[in-house]
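Student:
There are 2 protein chains.
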Amino acid sequence: MESGANKPAVTLNDVALAAGVSLATASRSLNGSARKVNDTYRLRVVDAAQRLGYIPNLFAQAVAKGATTTVALLVADISDPYFSTIASGVIQAAESAGLVVTIAVTGRNPERELATVRALRGQRPRVMILAGSRMAGSPQEADLRKELSAFEENGGRVAFISQNAAPFATVLLDNRGGARALAESLVELGYRCFAVVAGPPTIVTSQDRLQGFRDGLAAHGLDLAEHHIAHTDFTRDGGYQAATDLLQAGLDDVDLLFAVSDVMAMGAMSALRDAGLEPGRDLGVAGYDDIPTVRDITPSLTTVRIPLEEVGRRALELAFGVAQGQDGAGQGGSSTIPVVTEVVRRDSTPRR
Amino acid sequence: MESGANKPAVTLNDVALAAGVSLATASRSLNGSARKVNDTYRLRVVDAAQRLGYIPNLFAQAVAKGATTTVALLVADISDPYFSTIASGVIQAAESAGLVVTIAVTGRNPERELATVRALRGQRPRVMILAGSRMAGSPQEADLRKELSAFEENGGRVAFISQNAAPFATVLLDNRGGARALAESLVELGYRCFAVVAGPPTIVTSQDRLQGFRDGLAAHGLDLAEHHIAHTDFTRDGGYQAATDLLQAGLDDVDLLFAVSDVMAMGAMSALRDAGLEPGRDLGVAGYDDIPTVRDITPSLTTVRIPLEEVGRRALELAFGVAQGQDGAGQGGSSTIPVVTEVVRRDSTPRR
DNA sequence: GACTAACTGGGAAGCGCTTACCACCAGTTG
DNA sequence: CAACTGGTGGTAAGCGCTTCCCAGTTAGTC
């Protein structure tokens, strides 16, 4: 049954016919071709296209030109403000460059990520941007790398948003440095005993932030007790759960709780409250990322600011970036843009 | 200079050659074609594809088949949790159906929206989902409608996520009813004098929520004073600004502030605080949407729950939905799915 | 004024893939 | 055993578009 009546879409051919010119001329008139077309013809074509409601078939163009206008973005979870803010930046930059963005979700699952990259390759995007990918020692890591290299060899560009991703262009997030700076500034505020809500041990982002935090404490001769670290999902609920666990295990002497992401920090704060502790008053709390909402919560959250939208924009620019010298064999170039990270002190960490 | 060295991607032809079969056989072996292929051949092809790292070119497939596997999603602002949560739902549903999602941002600008729909049409997506679109009396409205109808006539499907969008399939958000229910439950809690942070007057969503709220009050013989309504952007900053303005104009007798979206409510709460008022204690506050964060803020926000992820999923299902009877001329069918909306009472509105 | 140069249409090949359509080969069947 | 089926490869014609290449025209040049 279906809906029937599918009037096929208007094609360039229809336009050429209507304008009484050849296909070639029509094509040349409608998109910035190098070739000039007599104004008389051009106008006739443009007019016909207008009248018929012609819309060029991007796919056909892509096939004919052998190049697309697509940018693929892989994120762990688009409903997470961290990623959606980055996505916003990518989309902004892409749209202003006339590119279309395709978003895929990997759910922080290496297997899924690999599969997604494969599938996305079928779209022959100009650029693939991977955010929230870890390149940790997962078994799929090598495959991923191979897949991406192959993609680059076919002329694609890859950009990571990450703390390090050796052979690919990367917008470098200095998670370790940021966490370290945070730790130091907390110590300076008078905090002395810390607990951490960390992500899954395999996630490099979490590892780095944890390690950086440790480094910062160590610089002041302070230590982070192993039993004051809880590993959990990189989500609000994970944060809640981990904080609850920590609380149960005993947090008596702890005066500051650091969650390795803002989203987790928010969950943790709720857990504290549910346990009768007031964040900021009974216990300092700090996060990481500076997602938009955390300045509006109470107490406003001390965190490490990453200019997320900018990161998204930069990633795209980087991918198209400077001619990478290093020509010859694939290896698009492992250029890198560092991103300035900054500790933002708010009400959740009053001076002690 | 560029990067040179672009080993062209492996094509089906290469695979066919390597497997020593014809192009047709290769094609038939690699994707569920109706035709059967001798196992001997099939395995040879599959094996060759594997070895060469063949990845089918989606665009070429699309051109050849005349049908794509793309879903286009238009949102006002992807970094807004409202939209990113919906997007998450759409992406989930799409991926499990083997479809790829393309996201475009309209910034709540009708002109941009129209342009985007046009551009997206070039992708010949199977479905276009429009969220946060208003179909209010904007001058572009007719054009949009025409564009979308044309899209449907060419075999595309359109789904709106909205409060009403006459000629297209719609996941119906009962903004009016939700706001009305909210108002009534607030009255029941003892609130008597209200102020509203509304969106731009042209946005239907805002109009409806405002009107519904009014209706709810009216049902109890209460009124909403004109000077207790502030119109502003549909953003956190808009909410902050509007609340500040209201405060300045005098809010003495008001005991509840309703913001027509949670994001705005969050901004408004910050404004209240900055003015020395404690939300929930000095003044009740309510929002709309139930975005994930609002249960974690303090005080947790009373709001109207929309199952956003589900809405996204539903939108996609609806678009593919039931054979729409109504065949014949275009008009994919203006079927509709209502979404259950529910008042969630939290700490920002203690009983008075 | 003959000859070259510079333009600009159009024809047609081809991008990577699907899918009629045809051919061929067993395997029936009376 | 001839005519006939059903099944399965291959051939080739597209899908909508770009672009190479050729040819015709006009403009320049000595």
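Residue numbers (full-length UniProt numbering), protein chains in the order written: chain G, 1 to 352; chain Z, 1 to 352.
For each residue, glycine too, the CB sits at the ideal point set by N, CA and C.
Helix, strand or coil for P8(G) per DSSP?
Tutor: In the three-state reduction of the DSSP assignment, P8(G) falls in the coil class.
Student: Is T298(Z) close to chain G? Criterion is C-beta to C-beta, closer than 8 Å.
Tutor: yes
Student: So, for R112(G): in the same chain, excluding its five sequence neighbours on each side, which residues have a beta-carbon less than 7 Å away from its beta-carbon?
Tutor: T106
Student: Runs of 3 residues minimum, wholly inside the region 163-208 of chain Z: which ones carry the beta strand (DSSP E) assignment?
Tutor: 169-172, 194-198
Student: Less than 8 Å between the C-beta atoms of residue 363(Z) and R121(G), yes or no?
Tutor: One cannot answer for residue 363(Z) here, as it falls past the ends of chain Z, which runs 1 to 352.
Student: Using a threshold of 8 Å, state whether the C-beta atoms of R313(Z) and G66(Z) are closer than that.
Tutor: no
Student: Which residues of the region 56-70 of chain G have a Cβ closer than 7 Å to any Cβ of chain Z? Give them in chain order.
Tutor: P56, N57, L58, F59, A60, A62, V63, T68
Student: According to the Cβ coordinates, are L172(G) and P338(G) closer than 8 Å?
Tutor: Yes, these two residues count as a Cβ contact at 8 Å.
Student: How would you label H228(Z), buried or exposed, when you count the other beta carbons within 10 angstroms and need 16 or more for buried?
Tutor: buried
Student: Between the region 147-158 of chain Z and chain G, which residues of the former have CB atoms less than 7 Å from a CB of the latter, in chain order?
Tutor: A150, E153, N154, G155
Student: Using a Cβ-Cβ cut-off of 8 Å, state whether P292(Z) counts as contacting chain G.
Tutor: Taking CB atoms only, P292(Z) has a neighbour in chain G less than 8 Å away.
Student: Output yes if chain Z places a C-beta closer than 8 Å to the C-beta of residue 411(G); else output no.
Tutor: No answer is possible for residue 411(G): the residues shown for chain G start at 1 and end at 352.
Student: State buried or exposed for S3(Z), treating a residue as buried only when at least 16 other CB atoms are found within 10 Å of its CB.
Tutor: Residue confidence is low: S3(Z) scores 43 on pLDDT, short of 50, so the model does not pin down where it sits. Its coordinate-derived value is still stated next. Residue environment: S3(Z) is assigned as buried (16 or more neighbouring CB atoms within 10 Å of its CB, all protein chains considered).
Student: Which chain Z residues sit within Cβ distance under 8 Å of E95(G)?
Tutor: Residues of chain Z passing the Cβ test: A104, V105.
Student: May I have the straight-line CA-CA distance separating Y240(G) from D289(G), to the nearest angstrom?
Tutor: 18 Å
Student: CB G199(Z) to CB V260(Z), shorter than 8 Å?
Tutor: yes
Student: Hey, L30(G) and A49(G) are a contact pair by Cβ (cut 8 Å); roughly how many whole angstroms apart?
Tutor: 6 Å
Student: CB-CB under 6 Å to A183(G), same chain, minus the five flanking residues each way: which ones, in chain order?
Tutor: F213, G216, L217
Student: Would you say S335(Z) reaches chain G, if we count a Cβ-Cβ gap shorter than 8 Å as a contact?
Tutor: False, the Cβ-Cβ gap to chain G never drops below 8 Å.
Student: Would you mind listing the beta strand (DSSP E) stretches within the region 236-308 of chain Z that are 3+ residues and don't spill past its ends, in chain order?
Tutor: 256-259, 284-286, 303-305
Student: Taking the CB atoms as reference points, tell me whether T85(Z) and M266(G) lie closer together than 8 Å.
Tutor: no
Student: Pop quiz: R349(G) and L189(G) are said to be a contact at Cβ under 8 Å. What is the actual Cβ separation, rounded to whole angstroms?
Tutor: Residue 349(G) is actually Thr in this sequence, not Arg. Beta-carbon to beta-carbon, T349(G) and L189(G) are separated by about 6 Å, close enough to satisfy the 8 Å threshold.
Student: So is A87(Z) in contact with chain G if we call contact Cβ pairs under 8 Å?
Tutor: yes
Student: May I ask you to report which of helix, strand or coil DSSP gives P81(G)?
Tutor: helix
Student: For the beta strand (DSSP E) containing E141(G), name the first residue and the last one.
Tutor: Unbroken run through E141(G) is the alpha helix (DSSP H), 141-153; no beta strand (DSSP E).
Student: Relative to the C-alpha of L148(Z), which candidate in R352(Z), A19(Z), F168(Z) has its C-alpha closest?
Tutor: F168(Z)
Student: Output needed for T232(G): all residues of its chain with C-beta closer than 6 Å, excluding positions within five of it in sequence on either side, in chain order.
Tutor: G238, Q241, A242
Student: Cβ of S348(G) less than 8 Å from any chain Z Cβ?
Tutor: no
Student: Give a yes or no on whether 8 Å exceeds the smallest Cβ distance from V322(Z) to chain G.
Tutor: In this predicted model, V322(Z) has a pLDDT of only 46, less than 50, meaning its place in the structure is not dependable enough to derive any value.
Student: Let me see if you follow: with CB-CB separation under 8 Å, is K7(Z) close to chain G or not?
Tutor: yes
Student: Of the residues L277(G), R345(G), D80(G), which one's Cα is nearest the Cα of G250(G)?
Tutor: L277(G)
Student: For S79(Z), go through chain G and note every residue whose CB falls closer than 8 Å to its CB, in chain order.
Tutor: P81, S84, T85, A87, S88, P292, E309
Student: Would you list, in chain order, the members of the region 122-136 of chain G that have their beta-carbon closer than 7 Å to a beta-carbon of chain Z?
Tutor: G122, Q123, R124
Student: Please list the partners that G267(G) has in chain Z, where partner means a Cβ-to-Cβ separation under 9 Å.
Tutor: D296
Student: Under 8 Å between the Cβ atoms of V187(Z) and L222(Z)?
Tutor: yes
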